Amino acid sequence: DSVISTTVSGIVGSLPVREGDTVYTGQVILELDKDQEELEVERREVIAESKAELKAAQQRIDTLRIDVEALRRLHDKTRSVSAEELRQRELELGLAEAELERIQAAERREVVEHRIARAQLEKRSLTAPFRGTVAELHVEVGEICHPQQEILRIVDVSQCRFVVIVPSANSVGLRKGGKASLRIDGLQEQQEGTIEFVSPVVDPSSGMREIKVLFDN
């Protein structure tokens, strides 16, 4: 039994389920208006995938490295290039390498910002956390939703949980995952269930222990 709500505000744009409908794990059960978020994701994707600035910076570095090597050889062999000119070109290379590092950092930031935009877009959709039936629906298309507002309620009645308090002596041998037989009023046949919880604590005053059994409805 789960009451579903959103973590962001928005106008209900799509509501593909109604009360009484069966929903499945991961199925979209509500979408808020998301045009702006979709455009932001597209914009961030274009920025993140653009490598033109990075390629230009790398090409400039490659060109400057070739120039620096050529000037260094001329300076060392023929002295036809002054030391000042060589230092100036080496400085340009250093600045270009620093610019490349800045662009690479910006590229990584843009990738993260694209992921953030996608996460914001995903928050505009609600999905069913488990298979069940829509028991209550509190909004309609066009209405405004607020964070933590109850949107709808989903229940799974395919299984039931039997909770019983038994004397500690009667719980000896009962283990999680073990089988248990239940006799239910109105049913002739016994129901077979699976023990999902055996309390590790025994009430000191009553000597009782809690047991939980899950069985098909």
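So for the sequence shown, the working numbering puts the first residue at 1; every next one is plus one.
Ideal Cβ positions, reconstructed from N, Cα and C, are used throughout, including at glycine.
Model, not experiment: these values are computed from the prediction.
Of the residues the options, the one placed nearest residue i, counting alpha carbons only
i: N175; options: L39, R60, E196 and Q188; result: Rather than Asn, the amino acid found at residue 175 in this sequence is Arg. Comparing Cα-Cα distances from R175 to each of L39, R60, E196 and Q188, the minimum goes to E196.
i: V213; options: E192, E122 and I66; result: E192
i: R153; options: E143, V166, L137 and E97; result: L137
i: A48; options: D216, E210, Q104 and E140; result: Q104
i: F162; options: M208, V12 and N217; result: N217
i: E92; options: R115, A106, D35 and L64; result: L64
i: S205; options: L187, S2 and S168; result: S168
i: S50; options: I66, R108, C160 and D203; result: R108
i: K55; options: V111, C160 and A96; result: A96
i: E143; options: C160, G186 and L30; result: L30
i: E53; options: G186, D203, D1 and E101; result: E101
i: E42; options: G186, R115 and N170; result: R115
Chain-order list of residues whose beta-carbon lies under 7 Å from that of residue i (same chain, five-residue window excluded)
i: Q27; result: T127 and A128
i: H146; result: S9
i: K123; result: T7 and V8
i: Q190; result: S181, L182 and R183
i: R72; result: L86
i: V3; result: E150 and R153
i: E40; result: A117
i: C160; result: F215 and N217
Per DSSP, the bridge partner or partners of residue i
i: G132; result: V23
i: V155; result: T133
i: P167; result: M208
i: L126; result: L30
i: S199; result: BP columns for S199 are empty, so no partner.
i: K179; result: T194
C-beta atoms of residue i and residue j nearer than 8 Å
i: S14; j: Q149; result: no
i: E99; j: A70; result: no
i: I211; j: V201; result: no
i: V172; j: M208; result: no
i: V139; j: V17; result: no
i: I11; j: D33; result: yes
i: R89; j: V111; result: no
i: S82; j: L74; result: no
Other residues of its chain near residue i: CB distance less than 6 Å, five sequence neighbours each side excluded
i: E113; result: R44
i: E19; result: V134 and L137
i: V164; result: I211
i: D1; result: V155
Own chain residues within Cβ distance below 8 Å of residue i, not counting five before or after
i: R131; result: T22, V23, Y24, T25, D156 and S158
i: T194; result: G177, G178, K179, A180, V213, L214 and F215
i: E37; result: A117, Q120, L121 and R124
CB contact check: residue i to chain C, cutoff 8 Å
i: Q104; result: Within the model displayed, chain C is absent; a lone protein chain is all it includes.
**Study point:** Ordered list of alpha helix (DSSP H) runs contained in the stretch 11-71, each at least 4 residues
**Key:** 35-49
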